[in-house]
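Undergrad: Have a look at the structure that comes next, please.
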Amino acid sequence: MSDDQELRVSKIRSGTVIDHVNGGASMHVLSILGIKGGDGDTVSIVMNVPSDRLGKKDIVKVEDRELSQAEVDVLSLIAPAATINIIRDFEVIEKRRVARPEEVVGVLSCPNPQCITTEDEPVETRFEVLEDGVRCCYCDTIVREDVAELID
Amino acid sequence: MRHDHIINAKQLSRADIEEVLDRAAEIADDPAAFRQRHPGALLGLLFFEPSTRTKMSFSASIKRLGGDIVDMGPVEYSSVKKGESLADTIRVVEGYADALVLRHPMEGSAKMASEFVDVPLINGGDGAGQHPTQTLLDLYTIRENAGLDDLSIGIMGDLKYGRTVHSMAHALTNFDANQHFISPESLRLPRNVRYDLHEEGATIREHTELSTVLDSLDVLYVTRIQEERFPEESEYRKVAGEYRIDAATLEDARDDLTVLHPLPRVDEIDHDVDATSHAEYFQQAHNGVPVRMALLDLVLGGDSA
Ligand SMILES: [Zn+2]
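Residue numbers (the numbering used here), protein chains in the order written: chain A, 155 to 306; chain B, 745 to 1049.
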């Protein structure tokens, strides 16, 4: 079954395939990776295909790019079941699962307009990862819903 | 005291709090004995928003320990006005002083600033965040009047934006205290504070009316509800009157109820309360000096007296 779905988008020579993204969340994955479409990345997305594990899942393929561990960690906040396949020369050379980090640094922006991290200060944002959300380490603001909207 | 920086009441353990309060009590007993504790020590005052009282209280405290202040002065005359970052300001001023006090309108500013300096930094209030030295003097006053264990305390007013409330609620989780929070629905404790209290297993109750708990309280801590928190003045008028107390309100209270307020008050405590045995808010303000002396003594490396 999963082979079938792989065929919905062509195989890539090198880059990253992110599979088992929660159905409909692939746009947030692109935000995390900073892909806006205007900078020439070749990206293929399959949305809402049936999945035994997730009901519905998305698949994202990004050519010529291998994700850093920090990016993979942050993916876990919105796609906890994701699997990451790093591809070189059409071969999967590495498979990774995402793991929830204890904190994420420099990736999310604080939604509290009174937070010092929203000012022009030489400091990276830092969020503690809670069971069901994230919490700014500077102003203590907790975000449970829409964590993906905080992605810079 | 194991913490160099005093940023957040959450970081203070029961032992830390007791260490400060015990030292403050020693100082209050015999201030003369501490007059030359820290001769020549310089305390840097960085006040990015006006707070005459907190500033005076810190100035008095370091001077009574034999030290002095260096003061950034009003923000409108400083390089901050020209757009210098807080991180830069704090790194420069670090070189002028043995310890720093920061008051800043942005939440998390004290935590960020502390990451740039090696000298002890004390949070003198960061936006709606935290105000831990106020909490220490509040706790000192509560301990003097009602003790800190088996305590029933009502905290009333603007619980959403009141930083003194947030610091206090955290600190009280170290003690056997029943915390009652009394506020209009729109000014309830923020989610992050309720989260922490829940994590700590604290006993808290939330109320919209003081009358439901007044007769069970040892302490009533009143804070101001600010008109600017409401989009409509009429909304403010509707709630403000219900969180105001006067001598008649307190007839239903226990005789030994202690009433506190971080001051300044506007009209949330009527002046006719001042003459009752409940009023302790001026004493509370005075306690700021021995408590801040104790804290400074500890962060500047004071051994046991
Ligand atoms: Zn924040």
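We put the beta carbon where it would ideally sit given N, CA and C, even for glycine.
1) Rounded to whole angstroms, how far is the Cβ of B:H749 from the Cβ of B:P876, which I believe are closer than 8 Å?
2) Return yes when the C-beta of A:N266 is under 8 Å from any heavy atom of ligand 1, and no when it is not.
3) So for B:G891, helix, strand or coil by DSSP?
4) Hey, how far is the Cα of B:D920 from the Cα of A:E256?
5) Under 9 Å between C-beta atoms, does B:G985 make it to chain A?
6) Taking Cβ positions only, does B:E944 come closer than 9 Å to chain A?
7) Could you check if B:S805 is buried or exposed, using at least 16 other CB atoms within 10 Å of its CB as the buried criterion?
8) Spell out a yes or no on whether the stretch 1030-1043 of chain B and the stretch 756-776 of chain B are touching, meaning 3 or more CB-CB pairs, one atom from each, closer than 8 Å.
9) Quick one: list the residues of chain A neighbouring B:S853, beta-carbon separation under 7 Å, in chain order.
10) Is A:V288 helix, strand or coil when you go by DSSP?
11) Can you grab the Cα-Cα spacing for the pair B:D760 / B:A915, in whole Å?
12) Quick one: Cα of B:A1049 to Cα of B:L1042, how far?
13) Cβ of A:D294 versus every heavy atom of ligand 1: is any distance shorter than 8 Å?
14) Would you say B:V845 and B:L786 are within 9 Å of each other, going by their C-beta atoms?
15) Kindly provide the ranges of any beta strand (DSSP E) runs that are 3 or more residues long and lie completely inside the stretch 770-798 of chain B, ordered along the chain.
16) Closer than 8 Å to a non-hydrogen atom of ligand 1 - does that hold for the CB of A:I270?
17) Mapping DSSP to helix, strand and coil, what is A:L262?
18) Excluding the 5 residues flanking A:K210 on each side, which residues of the same chain have their C-beta closer than 6 Å to its C-beta?
19) Any idea if A:I186 is buried or exposed, counting beta-carbon neighbours within 10 angstroms, 16 or more meaning buried?
TA: Reading from the atomic positions:
1) On the second sequence, position 5 is the one that residue 749 of chain B refers to. On the second sequence, position 132 is the one that residue 876 of chain B refers to. The pair is not a contact, with the Cβ atoms about 10 Å apart (cut-off 8 Å).
2) Locating residue 266 of chain A in the first sequence gives position 112, where the first residue counts as 1. Yes, the beta carbon of A:N266 sits closer than 8 Å to at least one heavy atom of ligand 1.
3) By 1-based counting over the second sequence, the position of residue 891 of chain B is 147. B:G891: coil per DSSP, three-state reduction.
4) Start at 1 with the first residue of the second sequence, and residue 920 of chain B comes out as number 176. Start at 1 with the first residue of the first sequence, and residue 256 of chain A comes out as number 102. Using only the alpha carbons, I get a separation of about 31 Å.
5) For the purposes of this step, residue 985 of chain B is taken as residue 241 along the second sequence, with counting starting at 1. Judged by the 9 Å Cβ criterion, B:G985 is not in contact with chain A.
6) For the purposes of this step, residue 944 of chain B is taken as residue 200 along the second sequence, with counting starting at 1. No, no contact with chain A.
7) The sequence position of residue 805 of chain B within the second sequence is 61, counting from 1. Result: buried.
8) yes
9) Counted from its first residue, the second sequence places residue 853 of chain B at position 109. Chain A residues near B:S853: I270.
10) Sequence index remark: in the first sequence, residue 288 of chain A carries index 134 (1-based). Three-state result, A:V288: strand.
11) Here residue 760 of chain B is taken as the residue at index 16 of the second sequence, counted from 1. Here residue 915 of chain B is taken as the residue at index 171 of the second sequence, counted from 1. Cα to Cα, B:D760 sits roughly 10 Å from B:A915.
12) The sequence position of residue 1049 of chain B within the second sequence is 305, counting from 1. The sequence position of residue 1042 of chain B within the second sequence is 298, counting from 1. The predicted position of B:A1049 is uncertain, since its pLDDT is 44 and thus under 50; no value can be drawn from it.
13) By one-based count along the first sequence, residue 294 of chain A stands at place 140. Yes, Cβ of A:D294 sits closer than 8 Å to a heavy atom of ligand 1.
14) As a first step, residue 845 of chain B is located in the second sequence; it is residue number 101 there, counting from the start. As a first step, residue 786 of chain B is located in the second sequence; it is residue number 42 there, counting from the start. Not in contact: B:V845 and B:L786 (Cβ atoms no closer than 9 Å).
15) 786-791
16) Translated into positions along the first sequence, residue 270 of chain A becomes position 116. Yes.
17) Here residue 262 of chain A refers to the residue found at position 108 when the first sequence is read from its first residue. Here A:L262 sits in strand by DSSP.
18) The sequence position of residue 210 of chain A within the first sequence is 56, counting from 1. Excluding positions up to five away in sequence, the list reads G177 and N202.
19) The residue labelled residue 186 of chain A in the question sits at position 32 within the first sequence. Result: buried.
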